[in-house]
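Input: a single structure, listed below in structure tokens.
Numbering (this note's numbering), first residue to last: 3 to 192.
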């Protein structure tokens, strides 16, 4: 075989080995990482709030922004619709699932995380309702602001570091989470 033919065979082998590595190792690993990242984004303990910061808005009437904000937060895998009550500065998220089907601990963490995120990102949102098929949970902005005290404003939670320290890191403490839900969340069985 001539030198030219050896070069062609060598390049062909490199191409075949490269393609096998790409299809057999690199792509499956990238898919696994994407699946793991998505699972992390649906858990309030591991969610990256930076993905939600771009949806901050002074007005709750920007429906597209509110929808995108909640699509970036945990519970995004549950189908839902939205109802806005602009005269009351209220947003209602209607989940097409039963709250009773969720783990109680996880539901409470989600209520803390998602309600705080909505009030931190939407300046004039005064009341938020998470309506499931069997229960509705109502949370008010003034009570959430009081919960975090004078040292931490809701607007200051738009900083990822502050968010992690003041909200996310406390979700492991089930007494903290339980107190938030007991004192701030109005629960109504449907």
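Here a beta-carbon is modelled for each residue, glycine too, at the ideal position from N, C-alpha and C.
Which whole-angstrom value is the C-beta distance of residue i and residue j, which I expect to be below 8 Å?
| i | j | result |
| --- | --- | --- |
| residue 130 | residue 93 | 6 Å |
Roughly how many angstroms separate the alpha carbons of residue i and residue j, rounded to a whole number?
| i | j | result |
| --- | --- | --- |
| residue 146 | residue 82 | 23 Å |
| residue 184 | residue 143 | 15 Å |
| residue 126 | residue 62 | 6 Å |
| residue 19 | residue 26 | 10 Å |
| residue 162 | residue 186 | 23 Å |
| residue 3 | residue 15 | 16 Å |
Taking buried to mean at least 16 other C-beta atoms within 10 Å of its own C-beta, is residue i buried or exposed?
| i | result |
| --- | --- |
| residue 179 | buried |
| residue 155 | exposed |
| residue 177 | exposed |
| residue 98 | exposed |
| residue 77 | buried |
| residue 170 | buried |
So, for residue i: in the same chain, excluding its five sequence neighbours on each side, which residues have a beta-carbon less than 8 Å away from its beta-carbon?
| i | result |
| --- | --- |
| residue 86 | 62, 63, 65, 68, 92, 93, 94 |
Apart from the five residues just before and just after residue i, which ones in its own chain have a Cβ nearer than 7 Å to its Cβ?
| i | result |
| --- | --- |
| residue 45 | 76 |
| residue 109 | 101 |
With a threshold of 6 Å, establish whether the CB of residue i neighbours any heavy atom of the ligand MG.
| i | result |
| --- | --- |
| residue 31 | Summarising the ligand content, the structure contains no ligands, and the ligand MG is consequently not present. |
Skipping 5 residues on each side, what residues in its chain have a beta carbon closer than 6 Å to that of residue i?
| i | result |
| --- | --- |
| residue 158 | 164 |
If you scan the stretch 112-183 from start to end, which runs of the beta strand (DSSP E) of 3 or more residues do you find wholly inside it? Here the runs fully enclosed are 129-133, 137-142.
Could you tell me which whole alpha helix (DSSP H) segments of length 4 or greater appear in the stretch 48-91? Within the stretch 48-91, the complete alpha helix (DSSP H) runs of at least 4 residues are 65-73.
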